[in-house]
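So in this note's numbering, the last spot in the sequence shown is 318, and the numbers never skip. For glycine and all other residues, C-beta sits at the position ideal for the given N, C-alpha and C. Please read all numbers here as calculations on a predicted model, not as lab measurements.
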Amino acid sequence: MAKAPARRSTKRLKPDEIEAIFATFAAANPEPKGELVASNAFTLLVAVVLSAQATDAGVNKATPALFKLADTPQKMVKLGVEKITDLIKTIGLFRGKAKNVFALSQILIERFDGEVPADREALESLPGVGRKTANVVLNIAFGQPTIAVDTHLFRVSNRTGLAPGKNPLEVELGLLKIVPQHYMLHAHHWLILHGRYICKARKPECYRCPISEWCRFEPKTPPPKNWDGAPV
Ligand code: SF4
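Structure, rendered in structure tokens:
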């Protein structure tokens, strides 16, 4: 987890404000998608493992060549650690990640019939897979209403007052309590995209933020001089 630049809001949002925030996200982007490219649960799992401390864009540059050769655990094991290492060498921490991808593929074959398990405990037993990765896989591959807290989501939850917390688990549990059930499946995508493109780490773009009227962060960032007032 990157260092949190966020101030924690002390004032929590009211239920009608929380509803309004997610209704705004839903109206703008009814079916939000993750940005990692994957064709099945296995390639998604591998992509998420590779994305630790790396950008989705960087992972997406390397994975087409990898997944062309290996889109199943069996093919990944056949590829071998050396070849996997070579194919992902543009991604940070690639040596350790290549070993994890190889080892988790072996375990999937040996213990899970070559399938990615739709179960948190089983997922977290795989090398390189922590709570956040398990949450992403459960949500995207299996449609479970989990919340995967990355650095963007952590920052947005704290700044807005949605779910202030000192660590990712606190924020995750806070969001699970306050996000209305009908928004839960997509909540983490909306919050991640919001943090990535508007509520940015160094300078949140409050002047073009669609949820600024409910957000507790102060002082809000004013528009730059050359801003033309175009809506998001
Ligand atoms: S108003 Fe500013 S701080 Fe609040 S969510 Fe929007 S961009 Fe982030």
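*Nearest CA to the CA of Phe-240: which residue from Tyr-269, Lys-286, Glu-201?*
Within the sequence shown, residue 240 is the residue found at index 154, counting from 1. Considering only alpha carbons, the answer is Lys-286.
*asked:* Please report the straight-line C-alpha distance between Phe-180 and Leu-261, rounded to a whole angstrom.
replied: Against the sequence shown, residue 180 aligns to sequence position 94. Against the sequence shown, residue 261 aligns to sequence position 175. Whole-angstrom Cα-Cα distance: 32 Å.
*Let me know the alpha helix (DSSP H) ranges lying completely inside the region 87-173, each 4 residues or longer, listed in chain order.*
Correct list: 101-114, 127-136, 142-155, 159-165, 167-173.
*Return yes when the C-beta of Thr-246 is under 8 Å from any heavy atom of ligand 1, and no when it is not.*
By one-based count along the sequence shown, residue 246 stands at place 160. Yes; taking the cut-off as 8 Å, the Cβ of Thr-246 has a heavy atom of ligand 1 nearer than that.
*May I ask whether a heavy atom of ligand 1 can be found less than 8 Å away from the beta carbon of Val-242?*
Translated into positions along the sequence shown, residue 242 becomes position 156. For ligand 1, a non-hydrogen atom lies closer than 8 Å to the CB of Val-242.
*Short check: CB of Ile-174 to CB of Thr-149, under 9 Å?*
As a position in the sequence shown, residue 174 is number 88, starting the count at 1. As a position in the sequence shown, residue 149 is number 63, starting the count at 1. The Cβ-Cβ distance between Ile-174 and Thr-149 falls below 9 Å.
_Between His-280 and ligand 1, is there a pair consisting of the residue's CB and a ligand heavy atom that are separated by less than 8 Å?_
For the purposes of this step, residue 280 is identified with residue 194 of the sequence shown, where counting begins at 1. Yes, since a heavy atom of ligand 1 falls inside the 8 Å radius drawn around the Cβ of His-280.
*What separation, rounded to the nearest whole angstrom, lies between the Cα atoms of Asn-225 and Glu-121?*
As a working note, residue 225 is residue 139 in the sequence shown. As a working note, residue 121 is residue 35 in the sequence shown. Distance between the alpha carbons of Asn-225 and Glu-121 is about 14 Å.
_Span of the alpha helix (DSSP H), counted from its first residue to its last, around Pro-213_ = Residue 213 sits at position 127 when you count from the first residue of the sequence shown. First-last for Pro-213: undefined, no H or E at that position.
_Span separating the alpha-carbon of Thr-129 from that of Pro-305_ = Here residue 129 refers to the residue found at position 43 when the sequence shown is read from its first residue. Here residue 305 refers to the residue found at position 219 when the sequence shown is read from its first residue. Thr-129 and Pro-305 have their alpha carbons spaced roughly 42 Å apart.
*Which residue from Glu-258, Asn-221, Pro-254 puts its Cα closest to that of Val-135?*
The count along the sequence shown starts at 1 and reaches residue 135 at position 49. Closest option to Val-135, judged by alpha-carbon separation, among Glu-258, Asn-221, Pro-254: Asn-221.
*Report buried or exposed for Met-87, applying the criterion of at least 16 other Cβ atoms within 10 angstroms of its Cβ.*
The residue labelled residue 87 in the question sits at position 1 within the sequence shown. Here the model assigns Met-87 a pLDDT of 45, short of 50, so the residue's position is not dependable and the matter cannot be decided.
_For Pro-308, tell me which candidate among Pro-290, Trp-300, Val-145 has the shortest Cα-Cα distance._
Walking along the sequence shown from the start, residue 308 turns up at place 222. Per the Cα distances, Pro-290.
_When you measure from the CB of Glu-105 to every non-hydrogen atom of ligand 1, does any distance come out below 8 Å?_
Translated into positions along the sequence shown, residue 105 becomes position 19. For Glu-105, the CB stays at least 8 Å from every heavy atom of ligand 1.
*Do you know offhand how far Pro-118's Cα is from Lys-218's?*
As a working mapping, residue 118 is identified with position 32 in the sequence shown. As a working mapping, residue 218 is identified with position 132 in the sequence shown. Distance between the alpha carbons of Pro-118 and Lys-218: 18 Å.
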